[in-house]
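Input: a single structure, listed below in structure tokens.
Residue numbers (this note's numbering): 1438 to 1659.
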């Protein structure tokens, strides 16, 4: 599964701290097992924070935190969350899990000040200061990130597709298709793809009496 998700691929650039690391499936599996041992050692799983500021990792973070029982932080990080006790969102986690050490550098610095152990997915071009367990894997692809978080959560009874990032435009098109396919005698050529989807009528007899559809975009151009 890691091979199919391209988790072993690396970038052309190499950071001096990652020169001795070779991205192979054996090393990835060893680091994943080490990270899992650290996670299960936490007594209260609510003290674990899973953070990702990148869009590709936000869905995986939410799903992983849900099945682990941790707290997700999907999106931009607010400075002072771990250090400023005057803030309402102040928290003191026992463990921090990150997607990208470069983008999520602020929570790494604050975790180092509070002696919070940190687990992060590290590619070959990323620096690894203050990272206790760096999992050498591809953290650029959405399939790789989703597969890594799925294996970290060990949700064998949940499809790995739920951890993958999805394009908002594709979700909207699928929703429109599900609505339109519920109509009887559905004809694909009668759809105007440049207009929004129309909800089906309450009475199916109205479909016969409905006048021809006029495209909004075409009327504007004319």
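Where is the CB? At the ideal position from N, CA and C, for every residue including glycine.
Note that this is a predicted model, so its numbers are computed, not measured.
Subject >> residue 1487, enclosing beta strand (DSSP E) - first and last residue >> reply: Counting along the chain, the unbroken beta strand (DSSP E) around residue 1487 starts and ends at 1485-1489.
**OP:** Could you check which residue in 1564, 1463 and 1515 has the C-alpha nearest to that of residue 1451?
**Re:** Among 1564, 1463 and 1515, the Cα nearest to that of residue 1451 is on 1564.
Original post:
Is residue 1577 close to chain D, meaning its C-beta is less than 8 angstroms from at least one C-beta of that chain?
Top reply: Among the protein chains of the structure shown there is no chain D, as only one such chain exists.
**OP:** Could you spell out the range, first to last residue, of the alpha helix (DSSP H) harbouring residue 1543?
**Re:** In the DSSP annotation of this structure, the continuous segment of the alpha helix (DSSP H) that includes residue 1543 starts and ends at 1542-1550.
**OP:** Measure the CB-CB distance between residue 1555 and residue 1455 and report whether it falls below 8 angstroms.
**Re:** Here residue 1555 is not near residue 1455, since their CB atoms are 8 angstroms or more apart.
Subject >> Pairwise C-alpha distance: residue 1581 and residue 1646 >> reply: In this prediction, residue 1646 scores a pLDDT of 47, lower than 50, which makes its location untrustworthy; no coordinate-derived value is stated.
Subject >> Which listed residue (1512, 1520, 1476 and 1493) has its alpha carbon closest to that of residue 1506 >> reply: The residue with the shortest Cα to Cα distance from residue 1506 is 1476.
**OP:** Taking residue 1504 as the reference, give the member of 1461, 1485 and 1462 with the closest Cα.
**Re:** Considering only 1461, 1485 and 1462, the residue with the shortest C-alpha distance to residue 1504 is 1485.
Subject >> DSSP state of residue 1578 mapped onto helix, strand, coil >> reply: Residue 1578 falls in the coil class under three-state DSSP.
Original post:
Which residues in the same chain have their Cβ closer than 8 angstroms to the Cβ of residue 1481, if we skip the five residues on either side of it in sequence?
Top reply: Apart from sequence neighbours up to five positions away, the residues of its chain that approach residue 1481 with a beta-carbon distance below 8 angstroms are 1531, ordered along the chain.
Original post:
If we call anything under 8 angstroms between Cβ atoms a contact, is residue 1495 one with residue 1516?
Top reply: Residue 1495 is not a Cβ neighbour of residue 1516, given a cutoff of 8 angstroms.
Subject >> Proximity to residue 1512 [Cα-Cα], best of 1522, 1519, 1525 and 1536 >> reply: That would be 1536, whose Cα lies nearest to the Cα of residue 1512.
Original post:
Mind checking whether residue 1490 and residue 1583 have CB atoms under 8 angstroms apart?
Top reply: The criterion of a C-beta distance shorter than 8 angstroms is not satisfied by residue 1490 and residue 1583.
Original post:
Can you list, in chain order, the residues of its chain whose CB lies under 6 angstroms from that of residue 1590, leaving out five sequence neighbours each side?
Top reply: Answer for residue 1590: 1501, 1504 and 1505, listed in chain order.
**OP:** Compare the C-alpha of residue 1550 against each of 1570, 1529 and 1558 and name the closest.
**Re:** For residue 1550, the nearest C-alpha among the options comes from 1529.
Original post:
What three-state label does DSSP hand residue 1479 in the structure shown?
Top reply: Residue 1479 falls in the coil class under three-state DSSP.
Subject >> Beta-carbon proximity of residue 1468 to residue 1534, cut-off 8 angstroms >> reply: No. Outside cutoff.
Original post:
Comparing the CB of residue 1562 with every heavy atom of the ligand COA, is any distance shorter than 7 angstroms?
Top reply: Summarising the ligand content, the structure contains no ligands, and the ligand COA is consequently not present.
Original post:
Is it buried or exposed for residue 1438, if we count other Cβ within 10 angstroms and need 16 for buried?
Top reply: Per the 10 Å Cβ criterion, exposed.
Subject >> N- and C-terminal bounds of the alpha helix (DSSP H) containing residue 1505 >> reply: 1492-1505 is the extent of the alpha helix (DSSP H) around residue 1505.
Subject >> Start-to-end residues for the beta strand (DSSP E) that takes in residue 1572 >> reply: Segment 1570-1573, the beta strand (DSSP E) holding residue 1572.
**OP:** Decide if residue 1519 is buried, meaning its Cβ has at least 16 other Cβ atoms within 10 Å, or exposed.
**Re:** By the 10 Å Cβ count, residue 1519 comes out buried.
Subject >> Inter-residue Cα distance where the pair is residue 1479 and residue 1587 >> reply: When the Cα atoms are used, residue 1479 and residue 1587 turn out to be separated by approximately 19 angstroms.
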